[in-house]
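Read through the structure below, which is laid out as structure tokens, and then see the notes.
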Amino acid sequence: MDDQYTTSQEKRSGKGVSVIICCYNSAARLPQTLWHLAEQLVPEDFSWEILLVNNASKDNTVASAIEIWHSFSPSNATFRVIEEPIPGQMYARKTGAIAAKYECLVFCDDDNWLGKNYVYLAWEMMAHDSNIGAGGGQNAPATDAPEYPDWFEEYKDKYALGIPAQTSGDVSHRGFVLGAGLVTRRLLFLSINDEKYPSLLNGRNGEKLSTGDDFEYCKRLLLWGYKLHYQADMYLTHFIPKERLTIHHREKLMEGIMDSRKVLGEYDLAVKLNNRNKHKNRWRLLFLAPFRIIAIKLGISSREVINEAMTFFYLSPFSSKSDYTRLMIKKFLYRQS
């Protein structure tokens, strides 16, 4: 896979990590986040950097971040500020990835407090298996509220919290890893989010609370044959201020999640069919699908119509009439320009 985002004179280093923090009015949240980054434990010969992407902030995010980081002054990491004027988390992440010096990326939200070994463990995880497209660890909450509301336990996974599995390993069957603290590969991230494959979700932009773009990225990784991985000894704390523990905020969050459900469901179906059929004879399946649909409608087959119809759609070399979402997922699956 050619890296169209770098020149031959500026190849990215394989050993090292770029931590990308996307910020929108983040001045009040950054002190703890940057302090936890300054406390990272890495080998003396290990290189890493922090890229703060200022995403159309209206407060003193940049000045505050520079002052805070200089007060810590860790010797083993560099710190850079990059501007992305177009509001939107995915715009900011892509800008950070383009500028990143290293292939291993850690997306650290402005309210994520990474455990002391997070950065180095992230690199080890990705270096261990080239088939891992994205990974993460366990995310625990912290708050300035007197206590968590009664409903919080039921909804905490919607706040990018939780422990994905009992032990480290492949969690591709879950269909996603949490966006907070997500670890991935620079070139892969940029290739999947190339302009020829526009996102089918709006994503987060300042006041909007949709987080589906993280899930969409994971499902695209699965369509291209990569794995999702959970690393049990990687952990972070996700700070949730009391303002985000109100029913009003919860409902806005759920509204964003519901808005993305239909599109993500189409991705899930495509992943399911691709996994089921990728080792089978494509032309045989394409030939059989219409007959199977007829058999289902006649009541002589227990197969599902939607599965056979979508098998025919995704295997067909032709772009038959279908909705925009399915056409774009098919284009992405086959890496069509």
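Residue numbers (the working numbering): -4 to 332. Where a beta carbon is used, it is the ideal one built from N, C-alpha and C, also for glycine.
Enclosing beta strand (DSSP E) for residue i [first to last residue]
i	result
C103	First-last for C103: undefined, no H or E at that position.
P136	I127 to A137
R180	V178 to R180
Residue i - DSSP class collapsed to helix/strand/coil
i	result
Y221	coil
V57	helix
G201	Because G201 sits at a pLDDT of 48, beneath the cut-off of 50, its placement in the model cannot be relied upon, and the following sentence gives the value as read from the coordinates. Residue state, collapsed to three classes: coil.
G114	The question names Gly, but residue 114 is Val in the sequence shown. It is helical.
R330	coil
A175	coil
A140	coil
P38	coil
E299	coil
D318	coil
S3	With a pLDDT of 37 at S3, under the threshold of 50, the predicted position of this residue should be treated as unreliable, and no value is reported.
For residue i: DSSP bridge partner residues
i	result
W43	V12 and A72
N49	C18 and E78
G91	Paired residue(s): none; G91 is not in a bridge.
G157	N134
Y192	Answer is none; Y192 lacks a bridge partner.
G164	Y225
Beta-carbon proximity of residue i to residue j, cut-off 8 angstroms
i	j	result
L173	G130	no
P159	Y225	yes
T28	D105	yes
L217	S167	yes
E79	V57	no
E119	R180	no
N107	G157	no
Q335	K96	Outside the shown range of the chain, which is -4 to 332, sits residue 335, and nothing can be said about it.
S333	D208	Outside the shown range of the chain, which is -4 to 332, sits residue 333, and nothing can be said about it.
Y192	F102	no
N126	K222	yes
T138	L240	yes
I235	Y154	yes
L46	G91	yes
Residue i - containing alpha helix (DSSP H), residue span
i	result
A33	L25 to A33
F147	F147 to Y150
CB contact check: residue i to chain D, cutoff 8 angstroms
i	result
R330	No chain D is part of this structure, which consists of one protein chain only.
Ordered list of beta strand (DSSP E) runs contained in the region 203 to 273, each at least 3 residues: Counting only runs of 3 or more, we get 222 to 234.
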